[in-house]
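Scroll down for the structure; my scribbles are underneath it.
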Amino acid sequence: MSNNGLRITFNSPVVLSFALISGIVLMLGTFTGDFITQAFFTTYPSSWFNPMTYLRMFTHVLGHANLSHYLNNMLLFILIGPMLEEKYGSKRLLFVIAATAFITALINNIFFPYGLLGASGVVFAFIILGSMTSFKEGEIPLTFLLVLVLYLGKEIFNGLFSADNISQMAHLIGGACGGVSGFVFAGKREE
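The working numbering runs 60 ahead of the 1-based position in the sequence shown.
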């Protein structure tokens, strides 16, 4: 007997878990007046002898300032992420997220005096990595070049000429992490 009914599947475990955990962190932060967000999900320059410094260097990508910040990041994250997770596998995608989180936090904590939170660096890594899914040895996809010019060019322009509360540095570093990952993963599928 065949069951022709539709069912909902957990098709992208890393992406869906990340989005769910980030949503829970946002709710906890809201209910605690941002105490949880600041204590555990924001990276900022602090003592290198404090173990929390290293934890926050990974967890800051799960924290968001408000619902709008969360939605802006998660809409692109869950749009691009499942395609990347299917192509490259959960382990590789988790590595991209962790590497991007660590590298953006490290650069922020060394060179900038302010806190950093949110998944936008990871989203930019996904955007660049997504533009390289058809990358083949000896070729450079035009989509990759256009995304570099449009997305990263915009971030460079905003970083130089805009006084907003957005970390263009995280976007640029995230894009670089996505680009490096794209070249390393070229031609490789899920293991």
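Virtual Cβ for every residue (Gly too), placed ideally from N, Cα, C.
The structure displayed is predicted, hence computed values, not measured ones.
Consult DSSP for residue i and reduce its assignment to one of helix, strand or coil.
i	result
residue 177	coil
residue 69	coil
residue 164	helix
residue 193	coil
Suppose contacts are defined by Cβ-Cβ distances below 8 Å. Is residue i in contact with residue j by that definition?
i	j	result
residue 227	residue 207	no
residue 81	residue 122	yes
residue 239	residue 163	no
residue 181	residue 211	no
residue 75	residue 138	yes
residue 229	residue 167	yes
residue 183	residue 136	yes
residue 179	residue 241	no
residue 106	residue 113	yes
residue 243	residue 148	no
Mind checking which residues open and close the alpha helix (DSSP H) that includes residue i?
i	result
residue 139	127–148
residue 33	Examination of residue 33 is not possible in this model, given that the chain is present from 61 through 251 alone.
residue 233	228–245
residue 96	95–100
residue 111	111–119
residue 203	202–207
Our contact map puts residue i next to residue j with C-beta atoms below 8 Å; I'd like the distance itself, whole angstroms only.
i	j	result
residue 176	residue 103	5 Å
residue 215	residue 232	6 Å
Once you ignore the five residues that flank residue i on each side, which residues in its own chain have a CB closer than 7 Å to its CB?
i	result
residue 110	none
residue 119	100, 101
residue 158	118
residue 71	142
residue 133	124, 178, 179, 180, 183
residue 140	186, 187, 190
Counting only the same chain and skipping the five closest in sequence on each side, list residues whose C-beta sits under 6 Å from that of residue i.
i	result
residue 116	103
residue 156	185, 241
residue 160	181, 182, 185, 234, 237
residue 194	201
residue 79	134, 138
residue 88	96
Excluding five sequence neighbours on each side, which residues of the same chain lie with their C-beta closer than 8 Å to the C-beta of residue i?
i	result
residue 73	145, 150
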